[in-house]
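*Asks:*
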Amino acid sequence: MSAATIPVQLPAEVYTKLAQLAAEEQVDPVDVVARLVDAATQNRAWLRNLSALREQIERDGGLHVGASREEVVERMRQTRQDIFGAEYAHLYR
Amino acid sequence: MRICIDSCVFIRGLGQDDPNALRLLTLIGPELALVIPRLIAQEVTRNLVTPEQVRQFYRLFHESDSAFIVDEPVPAELVAKYVDLNLRQKADAFIGAFAEWMDSRYLISDNRHFLRELNTSSFSVLDADEFLKRWDNDSL
Chain R
-12 MSAATIPVQL PAEVYTKLAQ LAAEEQVDPV DVVARLVDAA TQNRAWLRNL SALREQIERD
48 GGLHVGASRE EVVERMRQTR QDIFGAEYAH LYR
Chain L
26 MRICIDSCVF IRGLGQDDPN ALRLLTLIGP ELALVIPRLI AQEVTRNLVT PEQVRQFYRL
86 FHESDSAFIV DEPVPAELVA KYVDLNLRQK ADAFIGAFAE WMDSRYLISD NRHFLRELNT
146 SSFSVLDADE FLKRWDNDSL
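Written out as structure tokens, the structure is:
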């Protein structure tokens, strides 16, 4: 049994690009649309959670990792050495 | 395409007004998969300041099909290889070895030890600015 379908009207320019994509990939234009919708849905969850984390950090007064790029790099290098030394170094002697 | 993002870039994208580091993070999705070792996740969370921030960080990965944290230890012989490739600090060698082990095409980092000293054909090391320039030019 085939899935229910709904007709959609697209601007000609959009349809032309969609048809080009489908032709390049040798698939039906519907498959291209389905893939793009799936990708957008997945990306939306990531963006929503990323935004929530940034807002949480801002509400909490930011991170205390230094102001410049160089200061952040140095801070993170020190953090790496500390964690690696404590939890990983014994695996790589 | 699969990439690895270093903790310094992650932190700048999350907690600082760095438009390119943030934009890089927003690109993660089916077209640009992210894979990081547990070590990088630990480095980021060590510099978050509340339990809710840490929960939110892990939620990013739990609810994504395009971003992954790998727990398994990197093979020791690969770490040794990256020590020989000029990453004398084993912690840095671990990250380089991870990028090769995971078949990452790019390691995105601001760490000068990666940017200037690492010489490998297994992946490229770029900062976020250069990666985005190439992304926008379709030249990655």
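Those protein sequence lines, which keep their order, are chains R and L. For the first sequence, the working numbering begins at -12 and goes up steadily by one. For the second sequence, the working numbering begins at 26 and goes up steadily by one. Glycine included, C-beta positions come from ideal geometry on N, C-alpha and C.
Using DSSP with H/G/I as helix, E/B as strand and the rest coil, what is Y75(R)?
*Replies:* Translated into positions along the first sequence, residue 75(R) becomes position 88. The answer is coil: DSSP assigns Y75(R) none of H, G, I, E or B.
*Asks:* If you reduce the DSSP assignment to three classes, tell me which class V(-5)(R) lands in.
*Replies:* One-based indexing of the first sequence puts residue -5(R) at position 8. V(-5)(R): coil per DSSP, three-state reduction.
*Asks:* From L165(L) to L50(L), what does the alpha carbon distance come to, in whole angstroms?
*Replies:* Locating residue 165(L) in the second sequence gives position 140, where the first residue counts as 1. Locating residue 50(L) in the second sequence gives position 25, where the first residue counts as 1. Their backbone Cα atoms lie some 17 Å apart in a straight line.
*Asks:* Using a cut-off of 7 Å between C-beta atoms, extract the partners of A32(R) located in chain L.
*Replies:* In the first sequence, residue 32(R) corresponds to position 45, counting from 1. Here the neighbours are E88, S89.
*Asks:* Does any CB atom of chain L fall closer than 9 Å to the CB of Y79(R)?
*Replies:* The count along the first sequence starts at 1 and reaches residue 79(R) at position 92. Yes, its Cβ sits closer than 9 Å to a Cβ of chain L.
*Asks:* Provide the residue span of the alpha helix (DSSP H) that contains V17(R), from first to last.
*Replies:* Here residue 17(R) is taken as the residue at index 30 of the first sequence, counted from 1. 16 to 46 is the extent of the alpha helix (DSSP H) around V17(R).
*Asks:* Assuming contact is defined by CB atoms lying nearer than 9 Å, are R63(L) and V95(L) in contact in what I supplied?
*Replies:* Within the second sequence, the letter at position 38 stands for residue 63(L). Within the second sequence, the letter at position 70 stands for residue 95(L). Contact flag set, yes.
*Asks:* Express the C-alpha separation of I133(L) and F156(L) in angstroms, rounding to a whole number.
*Replies:* Locating residue 156(L) in the second sequence gives position 131, where the first residue counts as 1. Locating residue 133(L) in the second sequence gives position 108, where the first residue counts as 1. In a straight line, the C-alpha of F156(L) is about 8 Å away from that of I133(L).
*Asks:* Is it right to say M26(L) is buried, meaning 16 or more other beta carbons lie within 10 angstroms of its own, or is it exposed?
*Replies:* Here residue 26(L) refers to the residue found at position 1 when the second sequence is read from its first residue. Exposed, since its Cβ has fewer than 16 Cβ neighbours within 10 Å.
*Asks:* Within the 9 Å Cβ cut-off, does P55(L) reach chain R?
*Replies:* Counting from one through the second sequence, the residue named residue 55(L) turns up at place 30. It does; some Cβ of chain R falls within 9 Å.
*Asks:* With F93(L) as the anchor, note down where its beta strand (DSSP E) starts and where it stops.
*Replies:* As a first step, residue 93(L) must be located in the second sequence, where it is residue number 68. Looking at the DSSP string, the run of the beta strand (DSSP E) that includes F93(L) is 92 to 95.
*Asks:* Does any residue of chain L bring its CB to less than 9 Å from the CB of E0(R)?
*Replies:* As a working note, residue 0(R) is residue 13 in the first sequence. It does not: the Cβ of E0(R) has no partner Cβ on chain L nearer than 9 Å.
*Asks:* Buried or exposed for N36(R), please, with buried defined as at least 16 other CB atoms from any protein chain shown within 10 angstroms of its CB.
*Replies:* As a working note, residue 36(R) is residue 49 in the first sequence. Classification of N36(R): buried, given that the 10 Å Cβ count is 16 or more.
*Asks:* Between V79(L) and the rest of its own chain, which residues show a CB-CB distance below 7 Å, the 5 nearest in sequence each way excluded?
*Replies:* Taking the second sequence and counting its residues from 1, the one referred to as residue 79(L) is at position 54. If we look at V79(L) and ignore the five residues flanking it on each side, its Cβ neighbours are T70, L73.
*Asks:* Which one or two residues does DSSP pair with V60(L) in a beta bridge?
*Replies:* As a first step, residue 60(L) is located in the second sequence; it is residue number 35 there, counting from the start. According to DSSP, V60(L) bridges with F93(L).
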